[in-house]
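Take a look at the structure set out below.
2 protein chains.
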Amino acid sequence: MAQQKIIAVVGLGLIGGSLAAGLRGFEDYKIVGVVRRQETADYALSHGVVDEVTLDPMSVLPQADVVWLCMNPQGIVDYMAKYAHVFQPGALVTDVGGIKTAIMEGAKVLPPEVDFIGCHPMAGTEFSGIEHSFPTMFQRAHFILTPRQESTQSHIALLRRCGAYLGCSDIVMTTPERHDDIIAYTSQLMHIMAVAVCDDEDLFQCRGFEGGSFRDCTRVAALDVPLWTQLFSMNAPALSRVIQRLEDNLHAYRLAVEAGDAAALSDKLTYSADRKRQMNLPGPGQVML
Amino acid sequence: MAQQKIIAVVGLGLIGGSLAAGLRGFEDYKIVGVVRRQETADYALSHGVVDEVTLDPMSVLPQADVVWLCMNPQGIVDYMAKYAHVFQPGALVTDVGGIKTAIMEGAKVLPPEVDFIGCHPMAGTEFSGIEHSFPTMFQRAHFILTPRQESTQSHIALLRRCGAYLGCSDIVMTTPERHDDIIAYTSQLMHIMAVAVCDDEDLFQCRGFEGGSFRDCTRVAALDVPLWTQLFSMNAPALSRVIQRLEDNLHAYRLAVEAGDAAALSDKLTYSADRKRQMNLPGPGQVML
């Protein structure tokens with residue numbers, strides 16, 4: 000293993016496991032998992048999630064060319080603080096966090112010779128843990144990067160190649176602030192909606208009456224609570240704004256339904272449906288059964 | 000064709016086309032489509048959607064053992080009024096409408112020798128038209144029946160066998176009132192949510208930042224406006240109530256996010272996520288890509 004380059008994937012849960020497995024075979028890099036539990040290590044090796052795995056960060060971090068942090072946002076921030084001076088000079092540290100401002104802020108603890116680029120591969124499922132990971136998770140997903148001003152072009156190019164190798168649909172470069180603003184709408188609000196729908200008093204009476212739209216809209220409600228508590232808390236102002244806007248838009252629809260004016264309701268639905276058609280999202284998120 | 004029994008499927012759009020194609024080969028019934036446009040007739044025959052097709056209702060309705068009305072709710076009501084005395088005595092008239100109270104009310108126009116049983120096979124897509132129909136649409140869907148008090152057991156049994164033949168997951172018997180109350184939540188609210196999300200001012204700025212949850216939750220927003228205008232209008236009081244409840248539940252989440260109390264937010268998310276897990280819906284509405 001002397002000359003082989005190393006990508007250390009720290010945390011082999013749903014996302015880290017999928018990322019590691021998807022990166023295996025990437026160029027001349029060896030994928031080394033860093034985990035806390037022996038069972039995770041055993042699973043990772045026996046299922047081919049990684050090339051190697053260790054429970055000892057010190058055995059790999061000082062030699063790693065890339066360190067990919069795949070924990071909860073607070074875990075990522077804490078890890079950078081703890082190992083700031085263990086990472087190899089010239090190494091790239093990156094992550095998978097669903098919010099970026101707080102993580103980029105946390106990355107300021109790194110010494111100047113360690114590069115940091117925020118990364119958010121936009122995929123996931125409502126499950127958690129390595130046993131639900133799969134190497135094709137990021138196929139057709141957006142691969143979002145938030146580099147720092149001082150990030151090197153070679154590291155940005157390296158991550159671009161990683162995203163392409165994972166099968167991502169595109170590489171999106173943005174700022175952490177813009178990322179968090181938009182993600183509040185496209186991701187966090189969808190999760191708030193799903194849990195809010197499940198709070199309805201009719202939830203348990205509706206068995207036998209749900210179709211695809213109900214299953215799709217509530218799919219993510221069985222969420223990883225510690226993770227999403229962090230994601231929501233770390234982006235509270237932006238999330239609050241989009242919830243408020245959805246409340247307003249729902250209220251407007253309620254008034255239109257209550258008014259009993261079919262022509263006006265039809266106009267309103269035409270407006271919204273046309274907006275959806277204009278979005279023309281590239282490919283469905285799912286295949287109908 | 001002298002002795003062969005006939006199921007006339009009136010309206011070969013997304014639902015009628017899928018239903019007809021899914022019913023082909025059912026017992027000793029011939030599936031005859033009744034359509035208004037020659038192009039639909041041509042498509043239906045060339046794609047094997049039906050055994051036979053006609054543009055002339057009078058050529059088949061008087062001989063049909065079953066007449067399955069697959070139009071918009073108002074269209075179903077109007078059709079029953081127009082052909083009330085054309086249906087064969089002893090025939091079963093049924094439908095696919097997403098609301099049942101108004102349709103059952105409309106069915107009162109039928110003479111006593113014509114049986115009517117409301118039917119709602121709970122599947123669909125965000126598209127419309129025969130060219131988007133497919134025979135497996137109703138596999139794993141709920142097949143809901145709202146018989147009248149005077150409906151015959153043999154007709155109920157016949158529809159049960161149709162639902163099984165279509166691959167539905169179960170046959171659900173209920174009243175039109177209960178159907179409409181619950182459907183307001185499980186189906187209509189999901190559509191209102193999807194269009195309300197698309198009304199957000201950030202919609203067109205969010206390209207490159209959407210993941211599976213956004214695609215899933217907004218999938219149905221590109222809806223068939225005339226159809227959904229009718230469905231919403233004909234169920235306005237129940238729909239208004241569930242929109243109000245969602246507004247309230249979203250508002251409660253917004254307050255929890257704004258309060259900045261992570262422990263309280265975590266408790267609230269735990270409560271909702273547990274409710275979702277308790278629902279334990281039988282199989283996903285979609286497969287993740």
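Chain order of the listed sequences is A and B.
The opening residue of the first sequence carries number 0 in numbering that gives the first Met the number 0; numbering runs sequentially from there.
The opening residue of the second sequence carries number 0 in numbering that gives the first Met the number 0; numbering runs sequentially from there.
Beta carbons are placed, not taken as given, at the ideal position from N, Cα and C, and that holds for glycine.
For clarity, every value in this text was computed on a predicted model and none was experimentally measured.
Beta-carbon contacts of residue 164 of chain B that lie in its chain and below 6 angstroms, excluding the five residues immediately before and after: 25
Exercise. Is there a Cβ from chain B that is less than 8 angstroms from the Cβ of residue 253 of chain A?
Worked result: Cβ-Cβ to chain B under 8 angstroms: yes for residue 253 of chain A.
### Message
Please classify residue 47 of chain B as buried or exposed, where buried requires at least 16 neighbouring CB atoms within 10 angstroms.
### Response
exposed
From B:166, B:193, B:84 and B:178, pick the residue whose C-alpha is nearest to that of residue 118 of chain B; which is it? Shortest Cα-Cα distance from residue 118 of chain B to any of B:166, B:193, B:84 and B:178 involves B:178.
- Item | Chain-ordered residues of the region 188-210 of chain B with a beta carbon less than 9 angstroms from chain A | 188, 189, 190, 191, 192, 193, 194, 195, 196, 197, 198, 199, 200, 201, 202, 203, 204, 205, 206, 207, 208, 209 and 210
**Q.** Straight-line gap, residue 30 of chain B to residue 132 of chain B (C-alpha atoms, nearest Å)
**A.** Approximately 16 angstroms, taken between the alpha carbons.
Nearest to residue 129 of chain A by alpha carbon, out of A:49, A:60, A:166 and A:227?
Residue 129 of chain A has its Cα closest to that of A:49, out of A:49, A:60, A:166 and A:227.
Query raised in the report: Any idea if residue 214 of chain A is buried or exposed, counting beta-carbon neighbours within 10 angstroms, 16 or more meaning buried?
Result: buried
| query | Where residue 187 of chain A and residue 258 of chain B are concerned, what is the direct C-alpha to C-alpha distance, given to the nearest angstrom? | reply | 17 angstroms
### Query
Along chain B, which residues have their Cβ under 7 angstroms away from the Cβ of residue 228 of chain A?
261, 264, 265 and 268
- Task: Sort B:202, B:80, B:206 and B:97 by Cα distance to residue 226 of chain B and report the nearest one.
- Result: Looking at the Cα atoms, B:97 is the closest of the given residues.
### Task
Just the chain A side, please: which residues come within less than 8 angstroms of residue 123 of chain B by C-beta, in chain order?
210 and 211
* **Whole-Å CB distance - residue 193 of chain B paired with residue 216 of chain B, under 8 angstroms assumed** => 6 angstroms
Going by beta-carbon coordinates alone, are residue 122 of chain A and residue 207 of chain B separated by less than 8 angstroms? No, Cβ-Cβ distance for residue 122 of chain A and residue 207 of chain B is not below 8 angstroms.
- Per-residue burial, residue 114 of chain A [other beta carbons within 10 Å of its own, 16 or more giving buried]: buried
| Contacts of residue 257 of chain B in chain A (Cβ-Cβ under 8 angstroms) | In chain order: 235 and 239.
- Where does residue 267 of chain A land, buried or exposed, given buried means 16+ other C-beta within 10 angstroms? If you draw a 10 Å sphere on the C-beta of residue 267 of chain A, you find 16 or more other C-beta atoms in it, and that means buried.
I'd like to know if residue 275 of chain A contacts chain B, where contact means its C-beta is closer than 8 angstroms to some C-beta of that chain. yes
- Task: Could you tell me how far apart the beta carbons of residue 52 of chain A and residue 93 of chain A are, in whole angstroms, since I believe they sit closer than 8 angstroms?
- Result: Wrong, their Cβ atoms sit about 19 angstroms apart, outside the cutoff.
Run through the region 32-111 of chain A for me and flag every whole beta strand (DSSP E) of 3 or more residues, listed as ranges in chain order.
51-53, 65-68 and 91-94
Thinking C-alpha only, which one of B:166, B:62, B:172 and B:139 is nearest residue 116 of chain B? Ranking B:166, B:62, B:172 and B:139 by Cα distance to residue 116 of chain B puts B:172 first.
message = Let me check understanding here. Comparing Cα to Cα, which of A:183, A:77 and A:203 lies closest to residue 202 of chain B?
response = A:183
*Distance between beta carbons of residue 242 of chain A and residue 78 of chain B, contact taken as under 8 angstroms*: No, residue 78 of chain B and residue 242 of chain A are not in contact; Cβ-Cβ is about 44 angstroms, not under 8 angstroms.
Applying the 10 Å Cβ sphere with the 16-neighbour rule, what's the burial state of residue 282 of chain B?
Model confidence at residue 282 of chain B stands at a pLDDT of 46, short of 50, so the residue's coordinates are unreliable; what they give is reported in the following sentence. Exposed.
Practice prompt. Say whether chain B places a C-beta atom closer than 8 angstroms to the C-beta of residue 218 of chain A.
Written response: yes
- In terms of alpha-carbon separation, which member of A:36, A:59 and A:33 lies closest to residue 4 of chain A? A:59
- Task: Tell me whether residue 80 of chain A counts as near the ligand MN, meaning its Cβ is closer than 7 angstroms to at least one heavy atom of that ligand.
- Result: In the structure on display, the ligand MN does not appear, and there are no ligands present to speak of.
Throw me the rounded Cβ distance for the residue 90 of chain B and residue 108 of chain B pair, which I believe falls under 8 angstroms. Contact flag wrong, Cβ pair sits at about 15 angstroms.
For residue 198 of chain A, list the residues DSSP reports as bridge partners. Looking at the DSSP assignment, residue 198 of chain A forms no beta bridge with any residue, so it has no partner.
Would you say residue 87 of chain B lies against chain A (beta-carbon separation less than 8 angstroms)? Taking a beta-carbon distance threshold of 8 angstroms, residue 87 of chain B does not count as an interface residue toward chain A.
Closest to residue 231 of chain B by CA distance: which of B:191, B:204, B:197 and B:137 is it? B:191
- Locate the alpha helix (DSSP H) running through residue 16 of chain A, then write down its first and last residues. Segment 13-22, the alpha helix (DSSP H) holding residue 16 of chain A.
- Query: residue 141 of chain B touches chain A at which residues, Cβ-Cβ below 8 angstroms?
  - Reply: 207, 208, 209 and 210
For this session: Using a Cβ-Cβ cut-off of less than 7 angstroms, give me the residues of the region 155-178 of chain A that come near chain B, in sequence order.
Result: 169 and 171
Give me whichever residues DSSP pairs with residue 219 of chain B in a beta bridge.
According to DSSP, which records beta bridges pairwise, residue 219 of chain B is partnered with nothing at all.
**Other residues of its chain near residue 221 of chain A: CB distance less than 7 angstroms, five sequence neighbours each side excluded** = 125
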